[in-house]
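A.B. asks:
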Amino acid sequence: MLTMQELETLAASPLFGDWLPEELAALLETVEWKTQDFARGETIYTPGSFRRELAAILSGQVLVTRAEGELVVSLLTPGSLFGAAALFNDEEAYVSTLTARSACRVLFLPQASVQTLIDSQMSFRRRYIRYLSGRIRFLSDEVDALSRGTGEKKLSAYLLQHMDEKGQVQPGCSMTELAARLNISRASLYREMQKLEERGALIRHGRTLVIQRPEDLSIER
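Throughout the sequence shown, residue numbering follows my numbering, covering 443 to 663 in sequence.
Written as structure tokens, this is what we have:
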């Protein structure tokens, strides 16, 4: 049984936002699911070892990497989902490696359970399609950012894609991990950040990056 806090976290995820925590508890009684705890540093998925299940993070953080850990794709937090890439296809390899960045608890929904929810719950079906569409857009943006060439262009593209309505970017990972995600060296990342600061386009407050003038970020230069 999930705790109320876990139900609230799940209700805030992309797929279950139409249910209150109490309603979500009743919904989960209609399908099979399970939870599993992972210790910090423990591998959850690898290209050769994974489950055909949709997973939701209930607590903790999960790091998503590719190219044997050299490329950081994203950092997943409570409410984030993973596993959709393997759920309804016959590929023998998963697309990424997922590692617990902190102690975490994950809920797993088997393929059959997801199919039941798709067939029986219109709101779940609609949200699942929206979620997959969002993942396609996210991956397209990531590929575009990585293909921009210079460190300045890669960093600028990343900042423009991830800043919120206040112009703030919360990387959610270390600078070393962000550099790997952008496929540039750590030294290059700090150098490009310094250039943006000198132009007055960026201010750093700890791990929060504040975009002062988005128009000064270089993408097409």
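Cβ coordinates follow ideal geometry from the N, Cα and C atoms, glycine included.
#1: Going straight from the alpha carbon of Glu-464 to that of Phe-530, what length do you get?
#2: Exposed or buried, what is Lys-596 when buried is set at 16 or more other beta-carbons lying within 10 Å of its beta-carbon?
#3: Reducing DSSP to helix, strand and coil, say where Ile-626 ends up.
#4: Mind checking which residues open and close the beta strand (DSSP E) that includes Gln-612?
#5: Buried or exposed: which applies to Phe-480, given that a residue is buried once 16 or more other Cβ atoms fall within 10 Å of its Cβ?
#6: The beta strand (DSSP E) that contains Leu-551, what's its start and end?
#7: Would you mind stating whether Leu-523 and Ser-565 have Cβ atoms separated by less than 8 Å?
#8: In the DSSP assignment, the beta strand (DSSP E) including Glu-474 goes from what residue to what residue?
#9: For Val-506, which beta-bridge partners are listed by DSSP?
#10: What residues in its chain sit with their C-beta under 6 Å from that of Gly-593, if we drop five residues either side in the sequence?
C.D. replies: According to the structure shown:
#1: 29 Å
#2: buried
#3: coil
#4: Element bounds for Gln-612: n/a, residue is neither H nor E.
#5: buried
#6: 546-552
#7: no
#8: Unbroken run through Glu-474: none, as it is neither H nor E.
#9: Ser-516 and Leu-540
#10: Ile-626, Ser-630 and Glu-634
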